[in-house]
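Below is one structure; the comments refer to it alone.
2 protein chains.
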Amino acid sequence: MSSTAIDLLLADEASRPRADARRNVERLVMAAREALDETGLDATAHEIARRAGVGIGTLYRRVGTREALLRAVLLEFLGGMLTAADRALDADDAWQGLVDFATVYVRLRAASCGVNEALGDSDARLDLSETSTALRERLERLVGKAQEAGAMRTDVTWQDTAWLLAGVVPGDHTIGLTPGGEQWRIGLRVVLDGLRA
Amino acid sequence: MSSTAIDLLLADEASRPRADARRNVERLVMAAREALDETGLDATAHEIARRAGVGIGTLYRRVGTREALLRAVLLEFLGGMLTAADRALDADDAWQGLVDFATVYVRLRAASCGVNEALGDSDARLDLSETSTALRERLERLVGKAQEAGAMRTDVTWQDTAWLLAGVVPGDHTIGLTPGGEQWRIGLRVVLDGLRA
DNA sequence: CAACAAGTGGACGATAGCCGTCCGTTTAGC
DNA sequence: GCTAAACGGACGGCTATCGTCCACTTGTTG
């Protein structure tokens with residue numbers, strides 16, 4: 001579950017690496033998560049190494065590229081999001097399913113600057129298109145179900161919905177108000193009210 | 001009106017500059033507008049000079065700093081926005097006033113990447129705090145009026161409103177959909193519906 | 001416990017992008 | 001024509017990041 005990223009990175013080692021090497025990979029992954037949360041996609045290799053308490057050489061030797069590391073962490077994260085989407089699709093109440101997913105989606109994007117950027121950036125710096133396409137497709141179905149159930153207005157496409165949800169996430173938009181940590185909640189509520197049939 | 005930025009930049013010349021010099025200032029201002037629209041706040045001095053068809057030396061001689069130039073253009077722009085806000089405050093129907101302003105606000109932000117960034121960036125790269133504070137204060141009053149008139153839900157603050165409006169503007173959020181030029185319209189409609197009492 | 005392969009850290013050279021100055025050349029205006 | 005004003009853009013300086021390389025350290029195994 002949470003070791004996926006590590007496994008992914010250790011997979012292509014020919015023989016079992018030494019204990020300290022494994023430990024360093026773990027540290028690097030944790031550091032990458034933090035850096036991704038706070039700094040975003042363009043967290044530098046040096047920053048990640050510093051956070052991990054590890055030399056820059058170690059980073060490159062262990063994970064090959066800065067991008068490979070970030071990619072592994074992001075894939076793990078997006079996987080979790082996909083799971084939430086599938087759970088939402090199974091909900092009895094279509095509208096409630098959409099609400100649940102939207103909440104998770106926005107919360108996770110809000111929690112990590114890097115995840116937010118990864119889901120937005122259309123330029124594929126890291127190759128995440130496969131997973132994010134899957135995610136899109138889930139949203140499309142969720143919106144479809146909610147509309148068929150008559151719970152959601154039909155003059156709005158799932159693309160519009162994606163747009164609106166993304167807009168609720170804090171960015172450097174906001175007219176200069178320091179956003180409280182949970183600021184997105186009220187925004188999401190308004191948007192969902194606006195989407196209701 | 002539209003010559004404000006130019007006047008602002010020519011103001012501190014001791015004696016009347018030569019005709020070609022004035023022409024170049026105009027070109028620089030127009031180029032800065034374009035660059036601001038397309039590239040955003042960190043349009044480089046060289047890019048602006050290139051767009052203006054002018055040497056980089058000329059830019060620095062004429063406008064002093066890259067920042068002074070951008071600032072002049074942005075101030076002009078924000079001035080227009082303020083005017084729209086004041087007009088909206090005079091509307092008979094408080095809700096309609098809010099809707100009108102919101103529309104202008106979002107459209108203008110959507111039209112220029114640089115304006116959008118300028119209104120968001122809390123770090124004061126260019127000193128626009130005065131004008132943007134004025135703008136905030138207008139929005140606060142618009143929201144207040146709409147709520148007093150019973151036209152807008154009261155569990156939402158003007159800060160939340162600012163947040164939501166900013167969110168509707170295209171950014172690099174959007175799950176990888178190339179946004180149509182007028183994409184923000186539908187988003188704005190949903191948000192306004194959600195804000196209605 | 002020794003010896004060596006595996007691993008480590010971080011200085012370093014390379015690359016890139018932007019800033020703003022400076023000076024030889026051009027041009028407007030009298 | 002003549003001169004002061006203006007021009008263009010090459011250039012040096014600065015900052016940031018990347019990723020390599022090698023002298024040194026440490027885990028592991030017999």
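So the protein sequences, as listed, match chains A and B.
Residues in the first sequence are numbered consecutively from 1, following the UniProt record's numbering.
Residues in the second sequence are numbered consecutively from 1, following the UniProt record's numbering.
Cβ coordinates follow ideal geometry from the N, Cα and C atoms, glycine included.
Straight-line gap, residue i to residue j (C-alpha atoms, nearest Å)
i	j	result
Arg138 (chain B)	Leu98 (chain B)	10 Å
Asp7 (chain A)	Met81 (chain A)	19 Å
Met1 (chain B)	Trp95 (chain A)	With a pLDDT of only 49 at Met1 (chain B), under the threshold of 50, the placement of this residue in the model should not be trusted, and no figure is reported.
Ala166 (chain B)	Gln183 (chain A)	13 Å
Gly57 (chain B)	Leu75 (chain B)	24 Å
Gly140 (chain B)	Ser132 (chain B)	Before going further, note that residue 140 (chain B) is Glu rather than Gly in the sequence given. Distance between the alpha carbons of Glu140 (chain B) and Ser132 (chain B): 12 Å.
Leu135 (chain B)	Gly150 (chain A)	39 Å
Val73 (chain A)	Ser112 (chain A)	12 Å
Ala5 (chain A)	Val29 (chain A)	7 Å
Gln147 (chain B)	Leu119 (chain B)	24 Å
Leu10 (chain A)	Val143 (chain B)	55 Å
Arg61 (chain A)	Ala35 (chain A)	19 Å
Leu188 (chain A)	Asp155 (chain A)	19 Å
Gly79 (chain B)	Val190 (chain A)	30 Å
Arg33 (chain B)	Tyr105 (chain A)	36 Å
Ala51 (chain B)	Ala31 (chain B)	According to the sequence displayed, residue 51 (chain B) carries Arg and not Ala. Roughly 5 Å between the two C-alpha positions.
Ala85 (chain B)	Val54 (chain B)	36 Å
Phe77 (chain A)	Ala197 (chain A)	32 Å
Asp121 (chain B)	Asp127 (chain B)	11 Å
Val168 (chain A)	Trp158 (chain B)	15 Å
Ala88 (chain A)	Ala102 (chain A)	9 Å
Leu108 (chain A)	Ala21 (chain A)	30 Å
Val49 (chain A)	Glu26 (chain A)	Checking the sequence shown, residue 49 (chain A) turns out to be Ala, not Val. Whole-angstrom Cα-Cα distance: 12 Å.
Ala19 (chain B)	Leu59 (chain B)	16 Å
Asn116 (chain A)	Leu164 (chain B)	17 Å
Asn24 (chain B)	Leu195 (chain B)	47 Å
Gly40 (chain A)	Thr44 (chain B)	23 Å
Gly181 (chain A)	Asp37 (chain A)	14 Å
Val63 (chain A)	Glu47 (chain B)	37 Å
Asp193 (chain B)	Asp193 (chain A)	8 Å
residue 211 (chain A)	Arg71 (chain B)	Not covered by the structure: residue 211 (chain A). The range shown for chain A is 1 to 197.
Ser129 (chain A)	Met152 (chain A)	28 Å
Asp160 (chain B)	Pro170 (chain A)	11 Å
Within chain B, the residues that residue i reaches when beta carbons sit closer than 8 Å
i	result
Gly187 (chain A)	Asp160, Trp163, Leu164 and Gly167
Proximal chain B residues relative to residue i, where beta-carbon distance stays under 9 Å
i	result
Leu70 (chain A)	Simply none; closest approach about 17 Å.
Bridge-paired residues (DSSP) for residue i
i	result
residue 220 (chain A)	Outside the shown range of chain A (1 to 197) lies residue 220 (chain A), about which nothing can therefore be said.
Partner residues on chain A for residue i, Cβ-Cβ distance less than 8 Å
i	result
Leu195 (chain B)	Val190 and Gly194
Inset, instruction - Could you tell me which uninterrupted beta strand (DSSP E) segments, each at least 3 residues in length, are contained entirely in the region 106–176 of chain A, listed from first to last along the chain? - result: none
Inset, instruction - Pull out every residue of the region 129–159 of chain B whose Cβ sits closer than 9 Å to any Cβ of chain A, in chain order. - result: Ser129, Ser132, Thr133, Leu135, Arg136, Leu139, Arg153, Asp155, Val156, Thr157 and Gln159
Inset, instruction - Taking a Cβ distance cut-off of 8 Å, strictly less, list which residues of the region 74–108 of chain B are near chain A, in chain order. - result: Residues: none.
Inset, instruction - Please name the residues in the region 16–32 of chain A whose beta-carbon is closer than 7 Å to at least one beta-carbon of chain B, in chain order. - result: Those residues of the region 16–32 of chain A placed with their C-beta closer than 7 Å to a C-beta in chain B do not exist.
Inset, instruction - Enumerate, from N- to C-terminal direction, the unbroken alpha helix (DSSP H) stretches of 4 or more residues contained entirely within the UniProt DNA-binding region "H-T-H motif" (44–63) of chain B. - result: 45–52 and 56–63
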